[in-house]
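Okay, so here's the structure we're looking at.
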């Protein structure tokens, strides 16, 4: 983490300037005084904004479903394949590495060749890879299939978010992306219900065959969606610039713009000092969000069973209540982010999450308090997912938007994947509850980083 905190005296004025960028967008904000007059979609996107939201939300729900099929049937796979704990862990690792790679590869592709075809391709990929496990009888083939599932899941997130942010109006943007984020939670719930109902009848292999169903979402996306108008206009602008440069008729300003936007979209995330600072700040925010989520919901069932005597049924109830809290938290975050601003809303969650995690982990000692208190735990730990789609999109241009969504969030998610292992390592010397203190220690770090490095973007008119 040291590379994130290298600020010299020379950089501090720049950081402060970045933190005050909200005034830069004052003219671009849409008044929220009269909700009835707030536009829902961007010009030329009527109807398409709803279709985009449906496709992105269903795609993210399918992500969650296919991702968690493995977790819910892993015990059967271990038995049938005769796996060691290490081999079983490698299945999760293969998925995580696939997600990491997919977030980089498909974000760039979507900015290069189009959002819709790449979105459909990622959904097809993880759907068919999931279904392929039905016929799999070899451990190494299983590893490859899970890596392919991860590859598709990693790519889908940012592309769907980019499509939604480029079709919905600024005053509704955070709410729209929060609704997409809800899809993951519903996908996890669907996976748990499918496994509980289907395994007794079709076995664990049959569950993975059901994973083919999301391919219908890809077909829907390809048949009904078109590229956002904003994306098409930027593509046309880039093409016109390229033709002028190649013909030698470009002005000095046009040549400079072409040099700036030409090349890999990743370059746009680090094109100047201010943008680089913003990108690093957003990576830290994404890392903290995912670290808290994976750490809490990977280890809390074990803590509840070992230290508080929770049965499997009661642990399932705990998870259901916490997911309900996540759904409310994500929805509420989107509403507040559009009304109060991105940074104010993140600040509420960082401060609230810090305080509530201290209370929950150290002062809630009865089974009932831990059970019902999990609602607010889910709300605080995962509610911030309602804001990432918007704040990531608003800091970058259309030609790099899918890349930014996937590269930044994927980096945070990939690094946070090591969080549960870190908690386990610390637990050996401090105990599980002591190790969980990392969760509320990281939120103040994200709070400081955000206010120093990330501009306010509420109401920003994107390009």
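In the numbering used here, the protein residues as written are 13 to 475. Think of the CB as a built atom: it goes at the ideal place given N, C-alpha and C, for glycine as much as any other residue. Bear in mind that the values here come from a model prediction, so they are computed numbers and not experimental data.
Check                                                                                                                                                                : Outcome
Here's a check: name, in chain order, each residue in its chain whose Cβ is nearer than 6 Å to the Cβ of residue 36, leaving out the five neighbours to either side. : Any reading at residue 36 must be qualified, since the residue scores a pLDDT of 40, below 50, and its modelled position is unreliable; the value itself is stated next. No residues qualify anywhere along the chain.
To the nearest angstrom, how far is the alpha carbon of residue 257 from that of residue 295?                                                                        : 34 Å
Rounded to a whole number of angstroms, what is the C-alpha to C-alpha distance between residue 197 and residue 263?                                                 : 50 Å
Please name the residue in 451, 414 and 429 whose C-alpha comes closest to that of residue 177.                                                                      : 414
Can you tell me whether residue 205 is buried or exposed, with buried defined as 16 or more other CB within 10 angstroms of its CB?                                  : exposed
Can you give me the start and stop residues for the alpha helix (DSSP H) that residue 276 sits inside?                                                               : Run containing residue 276: none; DSSP gives neither H nor E here.
With respect to the alpha helix (DSSP H) encompassing residue 473, which residues constitute its N-terminal and C-terminal limits?                                   : That residue, residue 473, is in no alpha helix (DSSP H); it is neither H nor E in DSSP.
For a test of the three-state rule: what should DSSP assign to residue 53, helix, strand or coil?                                                                    : strand
Is the beta carbon of residue 116 less than 9 Å from the beta carbon of residue 345?                                                                                 : no
At what residues does the alpha helix (DSSP H) containing residue 181 begin and finish?                                                                              : Per DSSP, residue 181 belongs to no alpha helix (DSSP H) and is neither H nor E.
Determine, using beta carbons only, whether residue 161 and residue 110 come nearer to each other than 9 Å.                                                          : yes
Which word fits residue 43, buried or exposed, when buried means at least 16 other C-beta atoms lie within 10 angstroms of its C-beta?                               : Note that residue 43 has pLDDT 38, beneath the 50 cutoff, so the model's placement of it is unreliable and the number below is only indicative. By the 10 Å Cβ count, residue 43 comes out exposed.
Taking 9 Å as the threshold (C-beta atoms), are residue 138 and residue 75 in contact?                                                                               : yes
Name the two residues that bound the continuous alpha helix (DSSP H) containing residue 456.                                                                         : 449-465
Could you pull out every residue in the same chain whose Cβ sits closer than 6 Å to the Cβ of residue 10, ignoring the five residues on either side in sequence?     : Nothing in the structure corresponds to residue 10, since the chain is present only between 13 and 475.
Hey, could you find the ends of the alpha helix (DSSP H) residue 263 is sitting in?                                                                                  : Per DSSP, residue 263 belongs to no alpha helix (DSSP H) and is neither H nor E.
Excluding the 5 residues flanking residue 50 on each side, which residues of the same chain have their C-beta closer than 6 Å to its C-beta?                         : 183
Taking the alpha carbon of residue 308 as the point to measure from, which residue in 389, 53 and 289 has its own alpha carbon closest?                              : 389
Among the residues of its own chain, which have a CB less than 7 Å from the CB of residue 45, if the five just before and after it don't count?                      : Low local confidence applies: a pLDDT of 35 at residue 45 is under 50, so the model's placement there is unreliable, with the coordinate-based value given in what follows. If we look at residue 45 and ignore the five residues flanking it on each side, it has no Cβ neighbours.
Would you tell me roughly how many angstroms separate the C-alpha atoms of residue 180 and residue 410, rounded to the nearest one?                                  : 14 Å
Cα separation between residue 459 and residue 156?                                                                                                                   : 38 Å
Contact between the region 344-362 and the region 423-439 is defined here as three or more beta-carbon pairs at a separation below 8 Å; is this criterion met?       : no
Is DSSP giving residue 238 helix, strand or coil here?                                                                                                               : coil
Suppose the cutoff is 7 Å on Cβ atoms and the five residues either side in sequence are ignored; what does the same chain contact list for residue 320 look like?    : 379 and 382
Where residue 472 and residue 269 are concerned, what is the direct C-alpha to C-alpha distance, given to the nearest angstrom?                                      : 21 Å
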